[in-house]
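Residue numbers (our numbering), protein chains in the order written: chain S, 20 to 355; chain L, 20 to 355.
Where a beta carbon is used, it is the ideal one built from N, C-alpha and C, also for glycine.
This report refers to the structure that appears directly beneath it.
Number of protein chains: 2
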Amino acid sequence: MPERRGKYTISLSGRPTVLGYASVVGKKEGEGPLGDLFDQVFTDTRLGEKTWEKAESRLQKEALSRALNKAGFSPSQVDVLFTGDLLNQNIASTFGVRDSQIPLLNQFGACSTMAQTLAMASVFVDSGAADIAAAVTSSHFCTAERQFRFPLEYGGQRPATAQWTATASGAVLVGLGGGKVHIADVCIGCIVDLGITDTNNMGAAMAPAAADTLAKFFADTDTHPEDYDFIATGDLGAEGSALFKTLMARDGERLGEEYLDCGLLIYDRERQDVHAGGSGCGCSASVLCSLILGNMESGKWRDGLFIATGAMMSPTSSQQGESIPGIAHLIHLKCE
Amino acid sequence: MPERRGKYTISLSGRPTVLGYASVVGKKEGEGPLGDLFDQVFTDTRLGEKTWEKAESRLQKEALSRALNKAGFSPSQVDVLFTGDLLNQNIASTFGVRDSQIPLLNQFGACSTMAQTLAMASVFVDSGAADIAAAVTSSHFCTAERQFRFPLEYGGQRPATAQWTATASGAVLVGLGGGKVHIADVCIGCIVDLGITDTNNMGAAMAPAAADTLAKFFADTDTHPEDYDFIATGDLGAEGSALFKTLMARDGERLGEEYLDCGLLIYDRERQDVHAGGSGCGCSASVLCSLILGNMESGKWRDGLFIATGAMMSPTSSQQGESIPGIAHLIHLKCE
Numbered sequence: 020m021p022e023r024r025g026k027y028t029i030s031l032s033g034r035p036t037v038l039g040y041a042s043v044v045g046k047k048e049g050e051g052p053l054g055d056l057f058d059q060v061f062t063d064t065r066l067g068e069k070t071w072e073k074a075e076s077r078l079q080k081e082a083l084s085r086a087l088n089k090a091g092f093s094p095s096q097v098d099v100l101f102t103g104d105l106l107n108q109n110i111a112s113t114f115g116v117r118d119s120q121i122p123l124l125n126q127f128g129a130c131s132t133m134a135q136t137l138a139m140a141s142v143f144v145d146s147g148a149a150d151i152a153a154a155v156t157s158s159h160f161c162t163a164e165r166q167f168r169f170p171l172e173y174g175g176q177r178p179a180t181a182q183w184t185a186t187a188s189g190a191v192l193v194g195l196g197g198g199k200v201h202i203a204d205v206c207i208g209c210i211v212d213l214g215i216t217d218t219n220n221m222g223a224a225m226a227p228a229a230a231d232t233l234a235k236f237f238a239d240t241d242t243h244p245e246d247y248d249f250i251a252t253g254d255l256g257a258e259g260s261a262l263f264k265t266l267m268a269r270d271g272e273r274l275g276e277e278y279l280d281c282g283l284l285i286y287d288r289e290r291q292d293v294h295a296g297g298s299g300c301g302c303s304a305s306v307l308c309s310l311i312l313g314n315m316e317s318g319k320w321r322d323g324l325f326i327a328t329g330a331m332m333s334p335t336s337s338q339q340g341e342s343i344p345g346i347a348h349l350i351h352l353k354c355e
Numbered sequence: 020m021p022e023r024r025g026k027y028t029i030s031l032s033g034r035p036t037v038l039g040y041a042s043v044v045g046k047k048e049g050e051g052p053l054g055d056l057f058d059q060v061f062t063d064t065r066l067g068e069k070t071w072e073k074a075e076s077r078l079q080k081e082a083l084s085r086a087l088n089k090a091g092f093s094p095s096q097v098d099v100l101f102t103g104d105l106l107n108q109n110i111a112s113t114f115g116v117r118d119s120q121i122p123l124l125n126q127f128g129a130c131s132t133m134a135q136t137l138a139m140a141s142v143f144v145d146s147g148a149a150d151i152a153a154a155v156t157s158s159h160f161c162t163a164e165r166q167f168r169f170p171l172e173y174g175g176q177r178p179a180t181a182q183w184t185a186t187a188s189g190a191v192l193v194g195l196g197g198g199k200v201h202i203a204d205v206c207i208g209c210i211v212d213l214g215i216t217d218t219n220n221m222g223a224a225m226a227p228a229a230a231d232t233l234a235k236f237f238a239d240t241d242t243h244p245e246d247y248d249f250i251a252t253g254d255l256g257a258e259g260s261a262l263f264k265t266l267m268a269r270d271g272e273r274l275g276e277e278y279l280d281c282g283l284l285i286y287d288r289e290r291q292d293v294h295a296g297g298s299g300c301g302c303s304a305s306v307l308c309s310l311i312l313g314n315m316e317s318g319k320w321r322d323g324l325f326i327a328t329g330a331m332m333s334p335t336s337s338q339q340g341e342s343i344p345g346i347a348h349l350i351h352l353k354c355e
């Protein structure tokens, strides 16, 4: 059953388990360092659909159906589905899972949504509100670019701090027993807004939120970086990761080789013109559902933290002079 | 603890309770039939803010702080906050509650979001994942109009089936014990999409989802309309309500005087030029947090169903030829 542990952490004593997971990505992600680990690489950015938005929906549909197949479940066995994406009114999720006929709760945590959906699925399963729950998120470079920035045809120049929205989706199926990796704790983040207004530097806007959530989790659990095999932030990129490490060090927590960032793992920054690294709900989702859960299942890692980070702005809020509120949710993953 | 009851319903045996609630609305809503029941009526559509979006954020901030005050709690006592609105990337919520420093999980269920946030808060409290949780949603006529339809200045003519987005917000604080009204069950809805593409007839798009969720809840609990003092849909309006009653009757469930619709309650359709009635996350939220919870606390009603309904489209999905997916989540409220 879920139990409060300290002020911010929810401990899941019933050991909700990862029953299955899958990741699907686009061409650029397939050509990156993790290319071989994804379940499928789509070389056509439209996945045969008429629009990029429909293609992003298709990514979610594929990720969910692969996760279900790998775990040997049908959609009708899933009690509740938590989905999310970056598009206005979450249309990638809604249309992606429309046909599944699973009770649906769309979540919005910007790029932190994979941790948010997985936290919800884990709490629901641990509490008995669901026997089987699923978490799915996605992002697509072309849908994000034209919604948040410029039409693709414009070819705007990107500053060095900008990140590249990953074309990717990840899905996790959670239930009791059966799997090796379980969700031990979740820590829901608060908004941290230090006044960053540069929408081409999301890493800087999100890093303080990641540091805030991790510090709260360390305080609640009386643990430190060296207690974990990995600590992976969602998509802080080069700029945000460096800031995050500095903030944690100020707090007396020195992050070493166990520290990773999904935005830095998904692309080869030397070879693949992505500036500060990857971003988008699909970035951390696809890295979680390939490298991270893979390394846990193989026994390479036994105990780690997945901290997805989000920048909760919209073009409207930025145009109205608002700064960028950051948020980060943490999932503590453990092997039995 | 939450328990599965039938295929779709989650029964909350720990009796999570409404500790406090509040509603704040705009001028037009204040002039409607429920005007005297709201905690505050703002006559300035901008609430003294520079933009309508900031005004909508302010509505959420006011509703939350009034609900907290009425229950005698401070924000630091709330373990988790579930918020939602209709704006792109949920900015009304994010900026509205940014300063509260409560762990935040933004939800998106279009106009069904009040039921979704209240369901999440109730499950979290019942399970022990939170001691105190809050649910807040909002909508604003001017932000919705210019985001989903036309610039306000355009003065586009509205067809008779169109609904008027309410300028309103409602907040509910949930905890264990202390209050009279408890959340007995929740039923999470599936997407129902019968192919409606007319974005000026959301009632028709949402009615089948409301009927689907209510039928599932009746089947899971072996109850019927006559078992409840009220059955209130979110905002089907005149068109959707009539369709909903027809669909339920076909299913053998005849709705009588216990049936209400928040979209029909909030305005006087004869006197206030709102066509088919009210809509928006704030419509059902403010009616719940005034008339419905008020009638339960006063003892007029003891047992009822709140079914908020949402149309999960975006202008982009409609422009790309997609139909409108409907969804409805149900909350079973009971007095002790």
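- Taking 4 residues as the shortest admissible run, the segment 92–138 of chain L contains the following complete alpha helix (DSSP H) segments, listed from N- to C-terminal end: 110–116.
- Residues of the segment 321–342 of chain L with a C-beta atom less than 8 Å from some C-beta of chain S are Met331, Met332, Ser333, Pro334, Thr335, Ser336, Gln339, Glu341, listed in chain order.
- Burial state of L/Gln79 is buried, judged by a 10 Å Cβ sphere holding 16 or more other Cβ atoms.
- At least one beta carbon of chain S lies nearer than 8 Å to the beta carbon of L/Cys209.
- The DSSP assignment places 221–240 as complete runs of the alpha helix (DSSP H) inside the segment 219–244 of chain L, in order along the chain (cut-off: 4 residues).
- Within the model, the alpha-carbon separation for L/Arg290 versus L/Ile250 is close to 25 Å.
- Chain S has no Cβ within less than 8 Å of the Cβ of L/Ile350.
- The continuous stretches of beta strand (DSSP E) do not include L/Lys89, which lies in the alpha helix (DSSP H) extending over residues 71–90.
- Comparing alpha-carbon positions, the option among S/Pro21, S/Ser76, S/Tyr286, S/Phe101 lying closest to S/Gln182 turns out to be S/Tyr286.
- Neighbours of L/Leu307 in chain S, taken as residues at a C-beta separation under 8 Å, are lacking, since the least C-beta distance is about 18 Å.
- Under the DSSP assignment, L/Thr180 falls outside any alpha helix (DSSP H); it carries neither an H nor an E label.
- Only those residues of the segment 55–81 of chain S whose C-beta falls short of 8 Å from the nearest C-beta of chain L are listed: Lys69, Thr70, Glu72, Lys73.
- Interface annotation, L/Pro244: not in contact with chain S, CB-CB separation never under 8 Å.
- For L/Gly197, the closest Cβ of chain S is not nearer than 8 Å.
- In this chain, the alpha helix (DSSP H) harbouring L/Leu284 covers 281–284.
- Counting C-beta pairs with one atom in each stretch, the segment 33–47 of chain L and the segment 107–124 of chain S have fewer than three that are closer than 8 Å, which means they do not touch.
- Rounded to the nearest angstrom, the gap between the Cα atoms of S/Ser188 and S/Leu56 is 13 Å.
- Residues Pro227, Ala228, Asp231, Gly345 of the same chain have their beta carbon placed closer than 6 Å to that of L/Val211, with the five preceding and five following residues left out of the count.
- At the C-beta level, L/Gly329 and L/Gly54 stay beyond 8 Å of one another.
- For the pair L/Gly296 and L/Val155, the Cα-to-Cα distance works out to about 22 Å.
- Contiguous beta strand (DSSP E) elements confined to the segment 285–337 of chain S occur at 322–330, taking only those with 3 or more residues.
- Only exposed fits L/Ala179, as fewer than 16 other CB atoms lie within 10 angstroms of its CB.
- Between the segment 155–169 of chain S and the segment 274–283 of chain S, the count of C-beta pairs closer than 8 Å stays below three; the two stretches do not touch.
- Taking a C-beta distance under 8 Å as the contact criterion, S/Ser146 and L/Ala148 qualify as a contact pair.
- In the structure shown, the three-state DSSP call for S/Lys264 is helix.
- Counting the other Cβ atoms within 10 Å of the Cβ of L/Gln338 gives fewer than 16, which makes it exposed.
- Classified as buried, S/His348 has 16 or more neighbouring CB atoms from the shown chains inside 10 Å of its CB.
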